[in-house]
Amino acid sequence: VPQKQPYRTWYHFQPPKHWMNDPNAPMYYKGVYHFFYQHNPHAATFGEKMVWAHSVSYDLINWIHLNHAIEPSEPFDLNSCWSGSATIIPGKEQPVILYSGIDDKKHQVQNIATPKNLSDPFLREWVKHPQNPVMTPPIGVEVDNFRDPSTAWQGKDGKWRVVIGAQNGDEGKVVLYQSEDFANWTVELNPFFASDNTGVCECPDFFPVSINSTNGVDTSVQNQSVRHVLKISYYRRNQDYYFLGKYDNGDGNFIPDVKFIGTSLDLRFDYGKFYASKSFFDHAKSRRILWAWVDECDTRDHGIEKGWAGLQCIPRQVWLDESGNRLMQWPIEEVEKLREKQISIKGEKLVGGSTLEVSGITASQADVEVLFELPEVENAEFLDESEVDPHLLCSEEYVSRSGIIGPFGLFALASEDQTEHTAIFFRIYKTSNRYVCFMCSDQSRSSLRENLDKSSYGTIFDIDPNQKTISLRSLIDRSIIESFGEKGKICITSRVYPSLAIDKDVHLFAFNNGRQSVVISELNAWSMKHAEFDQDQSIYQQ
Ligand code: DQQ
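Following this line, the structure appears as structure tokens:
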């Protein structure tokens, strides 16, 4: 792995080297957080013999890497150990992993693995169940599109249920299995969820959220004070979507509030680079926590050259907002332990066309929170939504082109003269019947380097006609920026590879390209320290 590593992160989870993709079986067990992930131990590219790598932590920020937990070894997983989830069996207090195997016939089957030694606090060794595979592709599902078992939940009837991602022709499916003993599973013939011409549903996640608390609830909770979330990774769109709805295992099915429509109005955890996400219930702190794979936006060859590929987002707490119609996310509070050297700016006016440098922190690894005061929103420019695709409004020419209220926000990972910068910004419009705000992350000027994916991300959300402020938080870490608008109502994660804005040459600016002034009511920024990544002494050299 080359010495010069301008893009490796200081505080985001990544393996010592080579390729990482999906989060697998994240869980909390007896005081230890476990994180497993899809890993190619031989190269910085997705491989033919994927393994489950394994790390443990006491705070979800500092990690100890262990030996791989599950590797191809049997006819039912000889050609790879693909994604899956953990379920803590009550009573026995034993974690059980369900994972997808690519078997010796290249079919996708579901297997069980359990800890070899429950008194090992790190659960270093896992053994495969003698009855594997416990699920093989059912009728109506393609044998190479049947994968990614979720965490299981127990219905009021005591039976276990689990959902699996699948495809049948153009139809994406989420298939439901049931079991009395967690070893013998039977398929439900009608799909738990289906969506036309979306392609395969990957990494389904199904969990309850409380309607009157930001606390998480255990996966099996079913009562009047929860709603349910079904999340799906759509392979064809390379994006994660979620549906809120009603579920009662009595009548068996999940009834989503709305259907998938394929526009920016669909609900997504994150409107940027964010895939294969998976949640778990952290009962130590009563939190629902979400992990997601953040892939690279540079070329395969550059991944090979730099010797690694793939990050995870900072784990996020997830809860239902007051409206009950969307989820909120926020970086776990533990990440704030890395903050040092705080600077504050208060009551600073940003007139149209101005930028203000946020100096005094290491802008290459930073945590910045801003509260912007808005001018009267009825002065906003008019938007005819029927005329323009919201995504276009986040594209390059809109950042430079001034509006009335916005674009305003941050230039992150910026070079001193701003020839390189990633713009994270808001822009307010009024439409025929309401006021809306765009939140965008525009990577088009993030780097002078070529052959990078510099597409812009963004989405639109309603605001109150007398809205006075808008907040933004960005976690900046050398080649990843995770942005949270309106306290986590809208999240956008981006990957950038600056050629000038590296380490001490990185700057951070607040900017306002709108004709109307906005005020930085309060801005707090911190340098972020390294998180600790150690190797367990029992690890064999890969
Ligand atoms: N990645 C895994 C699959 C899953 C896909 C293989 C999603 O199990 O469907 O690494 O990124």
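Numbering (UniProt numbering), first residue to last: 15 to 556. Every residue gets a Cβ at the ideal spot worked out from N, C-alpha and C, and that includes glycine. These figures come from a predicted structure and were not determined experimentally.
{"Item": "7 Å Cβ shell around residue 556 - same chain, five flanking residues per side excluded", "Value": "Any reading at residue 556 needs caution, since the residue's pLDDT is 47, under 50, leaving its predicted position unreliable; the model's value is listed next. Closer than 7 Å at Cβ, skipping near neighbours: 55."}
{"Item": "Residue 458 to residue 135 span [Cα, whole Å]", "Value": "46 Å"}
{"Item": "Spatially closest choice to residue 516 from 462, 353, 306, by CA coordinates", "Value": "462"}
{"Item": "Closer than 7 Å: residue 559 CB and nearest the ligand DQQ heavy atom", "Value": "With the chain running from 15 to 556 in the structure shown, residue 559 is simply not present."}
{"Item": "Residue 638: first and last residue of the uninterrupted beta strand (DSSP E) it sits in", "Value": "An answer regarding residue 638 cannot be provided, because it is not within the stretch 15 to 556 covered by the chain."}
{"Item": "Residue range of the alpha helix (DSSP H) that includes residue 315", "Value": "314-320"}
{"Item": "Simplified DSSP state of residue 528, which is helix, strand or coil", "Value": "coil"}
{"Item": "Cβ-Cβ separation, residue 492 to residue 23 (assumed contact under 8 Å), whole Å", "Value": "5 Å"}
{"Item": "Simplified DSSP state of residue 360, which is helix, strand or coil", "Value": "strand"}
{"Item": "Nearest-angstrom Cα separation, counted from residue 139 out to residue 99", "Value": "16 Å"}
{"Item": "Check whether residue 109 and residue 43 have beta carbons under 8 Å apart", "Value": "yes"}
{"Item": "Cut-off 8 Å between Cβ atoms - residues of its own chain near residue 202, not counting five sequence neighbours on either side", "Value": "189, 190, 191, 192, 266"}
{"Item": "From 196, 197, 218, residue whose alpha carbon lies closest to that of residue 205", "Value": "218"}
{"Item": "Cβ-heavy atom distance, residue 6 to the ligand DQQ, below 7 Å", "Value": "Here the chain covers residues 15 to 556 and nothing more, so residue 6 does not appear."}
{"Item": "Three-state secondary structure assigned by DSSP to residue 500", "Value": "helix"}
{"Item": "Best match in 77, 511, 248, 86 for proximity to residue 65 [C-alpha to C-alpha]", "Value": "86"}
{"Item": "CB-CB length for residue 286 against residue 485, believed under 8 Å", "Value": "Contact flag wrong, Cβ pair sits at about 18 Å."}
{"Item": "Segments assigned beta strand (DSSP E), at least 3 residues, entirely inside the stretch 114-202", "Value": "122-129, 140-142, 174-182, 185-193, 199-201"}
{"Item": "DSSP beta-bridge partners of residue 34", "Value": "53"}
{"Item": "Under the three-state DSSP convention, the category residue 299 falls into", "Value": "coil"}
{"Item": "For residue 352, the three-state DSSP class (helix, strand or coil)", "Value": "helix"}
{"Item": "Residue 248 CB to nearest heavy atom of the ligand ATP below 7 Å", "Value": "Ligands in the displayed structure: the ligand DQQ; the ligand ATP is not one of them."}
{"Item": "The stretch 418-434 / the stretch 509-528 touching (three or more Cβ pairs under 8 Å)", "Value": "yes"}
{"Item": "Beta-carbon contacts of residue 500 that lie in its chain and below 7 Å, excluding the five residues immediately before and after", "Value": "484, 485"}
{"Item": "For residue 97 and residue 63, believed in contact at Cβ under 8 Å, the rounded distance", "Value": "About 15 Å; that fails the 8 Å criterion."}
{"Item": "Alpha-carbon to alpha-carbon, residue 172 and residue 535", "Value": "53 Å"}
{"Item": "C-alpha gap between residue 325 and residue 374, whole angstroms", "Value": "27 Å"}
{"Item": "Alpha-carbon spacing of residue 107 relative to residue 53, whole angstroms", "Value": "28 Å"}
{"Item": "Other residues of its chain near residue 36: CB distance less than 6 Å, five sequence neighbours each side excluded", "Value": "52, 97, 290, 307"}
{"Item": "Beta-bridge pairing of residue 487 - partner residues as DSSP gives them", "Value": "383, 498"}
{"Item": "Touch test, the stretch 239-247 against the stretch 311-320, Cβ-Cβ under 8 Å, three pairs minimum", "Value": "no"}
{"Item": "Cβ shell of residue 304 (< 6 Å), same chain only, five flanking positions each side left out", "Value": "291, 293, 330, 332"}
{"Item": "Residue nearest to residue 464 in terms of C-alpha spacing, selected from 242, 261, 513", "Value": "513"}
{"Item": "Residue 256: CB within 7 Å of a non-hydrogen atom of the ligand DQQ", "Value": "no"}
{"Item": "Residue 522 (DSSP reduced to helix, strand or coil)", "Value": "strand"}
{"Item": "Collapsed DSSP secondary structure at residue 538 in the structure displayed", "Value": "strand"}
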